[in-house]
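Note that our numbering has the sequence shown beginning at 8, numbered continuously upward. Reviewing the structure listed below.
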Amino acid sequence: MSTPIPTPQSPAPDILRCAYMELVVTDLAASREFYVDVLDLTVTEEDENTVYLRSMEEFIHHNLVLRQGPVAAVAAFSYRVRAPEDLDKAVAFYEELGCRVERRADGFTKGIGDSVRVEDPLGFPYEFFHDVEHVERLAWRYDLYTPGSLVRLDHFNQVTPDVPRAVKYMEDLGFRVTEDIQDEAGTTYAAWMRRKSTVHDTAMTGGAGPRMHHVAFSTHEKHNILAICDKLGALRRSDAIERGPGRHGVSNAFYLYLRDPDGHRVEIYTQDYYTGDPDNPVVTWDVHDNQRRDWWGNPVVPSWYRDASPVLDLDGNPQPIIERTDPSEIDVTIGADGFSYTRKDDDQPMPDYKQGEYKLGNQL
């Protein structure tokens with residue numbers, strides 16, 4: 008195990024939600040075509056090196072930045088904070104942790120004001136901001152909606168070699184666990200953590216990292232996701248579909264995973280549940296339960312466990328990858344489960360969905 012991250016004495020910034028991701032892409036035209044012409048995100052602004060995109064219900068300048076660069080990677084996981092003074096708190100919080108911190112009064116991207124970027128203790132480039140440029144919210148522009156319209160940025164998913172260490176740090180930052188995956192020995196393989204009142208704003212998934220597993224956008228209904236699949240088929244672009252459509256056990260959401268032209272993974276996501284009550288129970292899944300990843304028990308392709316996007320430091324260099332030394336979920340899923348729905352003992356009954364911690368699949 009790596010060294011635990013100390014809890015700062017400085018208060019954490021009050022984070023509202025995940026707000027945008029900045030992706031570095033190697034072919035801006037191809038990426039623009041994928042996100043705009045195929046996935047129907049709206050262009051707020053663009054120039055020869057950068058495209059700023061937003062979803063239908065967004066009123067801030069962007070949810071996704073595509074920036075031309077030499078290496079496909081993630082430049083920022085960006086969160087909006089409640090008030091300008093939370094940026095001062097972010098600086099103090101991370102400086103106390105000994106992290107590299109940069110602040111720009113005019114922001115790191117267009118449409119965003121005073122911002123703080125850090126290389127966090129896990130190696131991820133995190134950004135915090137409050138001031139934004141407002142743009143037209145397109146929620147009422149039904150003349151612009153398409154059958155597969157993306158309406159919100161929902162969450163990030165991060166790959167890190169020590170999930171318990173990551174969870175403790177994120178809890179110090181003010182996040183709460185909604186669901187996790189454990190084995191009978193108590194090893195945590197992944198945890199879903201939130202600030203807004205949904206299942207997650209980000210998830211910490213065990214594996215070689217720091218890397219970005221996926222960025223997720225929401226649709227209103229399942230049929231919107233099916234429409235995206237139909238569109239990809241009609242365009243002869245079905246090779247962009249990596250996994251799904253299907254229903255998750257974790258989060259209970261309907262999902263589809265796509266790969267963009269650089270291999271960045273994008274999840275299309277809908278119909279998870281409310282988590283805002285202070286006594287919202289944590290849902291714990293057994294790592295041997297195949298329904299955790301797909302409620303219908305469908306196999307998960309190896310690339311979904313293996314592949315992820317590198318992340319950059321504040322100078323734009325890829326962060327070094329640290330291998331996970333504890334058991335990883337890929338070992339359990341690919342090795343033990345063998346891509347099939349299995350029980351430890353075929354004579355045992357189906358799982359008992361217990362109250363309290365909602366231990367799911369604990370008999371599998």
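Just so it is clear, CB atoms sit at the ideal spot from N, CA and C, and this is done for glycine as well.
Tell me which same chain residues have a C-beta within less than 6 Å of the C-beta of proline 18, skipping the five on either side of it? So the list reads Lys96, once near-sequence residues are dropped.
Residue of Gly118, Asn164 and Thr14 minimising C-alpha distance to serine 316: Asn164
Does the segment 171-190 come close enough to the segment 282-298 to have 3 or more Cβ pairs within less than 8 Å? yes
At least 3 beta-carbon pairs within less than 8 Å: the segment 92-109 vs the segment 132-144: Using a C-beta cut-off of 8 Å, the segment 92-109 makes contact with the segment 132-144, since at least three inter-stretch Cβ pairs fall below that distance.
Terminal residues of the continuous beta strand (DSSP E) containing leucine 145? Element bounds for leucine 145: n/a, residue is neither H nor E.
Could you check the C-alpha separation between histidine 162 and alanine 26 for me, to the nearest Å? 9 Å
Here's a check: name, in chain order, each residue in its chain whose Cβ is nearer than 7 Å to the Cβ of glutamine 16, leaving out the five neighbours to either side. Glu103
Pull up the distance between the alpha-carbon of aspartate 5 and that of phenylalanine 224, whole angstroms please. The chain is shown only over 8 to 371; residue 5 falls outside these bounds and no answer can be derived.
If you scan the segment 199-238 from start to end, which runs of the beta strand (DSSP E) of 3 or more residues do you find wholly inside it? Fully enclosed beta strand (DSSP E) runs of 3 or longer: 209-213 and 218-225.
Member of Thr226, Asp284 and Asp269 whose CA lies at the smallest distance from the CA of arginine 159: For arginine 159, the nearest C-alpha among the options comes from Thr226.
With DSSP run on the structure shown, which of helix, strand or coil describes glycine 240? helix
According to DSSP, simplified to helix, strand and coil, what is proline 309? helix
DSSP has leucine 372 in a bridge; who is on the other side? Given that the chain is displayed from residue 8 to residue 371, the structure contains no residue 372 and the question cannot be resolved.
Are valine 206 and aspartate 314 closer than 7 Å when you measure CB to CB? no
Mind pulling the alpha helix (DSSP H) runs of 4 or more residues that sit fully within the segment 23-97? Correct list: 35-39.
Where does alanine 197 fall in DSSP's three states? strand
Would you call the segment 62-69 in contact with the segment 248-262, where contact means no fewer than 3 C-beta pairs closer than 8 Å? no
Looking at the secondary structure, which residues open and close the alpha helix (DSSP H) in which valine 174 lies? 170-179
Span separating the alpha-carbon of arginine 39 from that of valine 307: 28 Å
Nearest candidate by alpha-carbon position, reference asparagine 259, set Ser245, Arg300 and Pro288: Nearest option by C-alpha distance: Arg300.
Exposure of arginine 143, with buried meaning 16 or more beta-carbon neighbours within 10 Å: It should be noted that the sequence gives glutamate, not arginine, for residue 143. The residue in question, glutamate 143, is exposed, as its Cβ has fewer than 16 Cβ neighbours within 10 Å.
Given this structure, state the Cα-to-Cα distance separating aspartate 333 from leucine 180, to the nearest angstrom. 25 Å
Which residue wins for smallest C-alpha separation from isoleucine 22, given the options Glu53, Val58 and Ala90? Ala90
When burial is assigned at 16 or more other CB atoms within 10 Å of the CB, is proline 128 buried or exposed? Burial call: buried.
Do you know whose CA, among Arg266, His220 and Gly213, lies nearest cysteine 236's CA? Arg266
Roughly how many angstroms separate the alpha carbons of valine 184 and arginine 201, rounded to a whole number? 7 Å
What residue from Asn70, Ala247 and Ile329 has the CA that sits closest to glycine 214's CA? Ile329
Tyrosine 149: buried (16+ other C-beta within 10 angstroms of its C-beta) or exposed? exposed
For the beta strand (DSSP E) containing leucine 160, name the first residue and the last one. 159-167
Using a threshold of 7 Å, state whether the C-beta atoms of valine 166 and histidine 220 are closer than that. Going by C-beta atoms, valine 166 is nearer than 7 Å to histidine 220.
How many Å lie between glutamine 326 and threonine 33 at the Cα? 18 Å
Reduced DSSP secondary structure (H/G/I, E/B, other) of tyrosine 152: DSSP places tyrosine 152 in coil when its eight states are reduced to three.
My output table needs one value for serine 9: the three-state DSSP class, helix, strand or coil. coil
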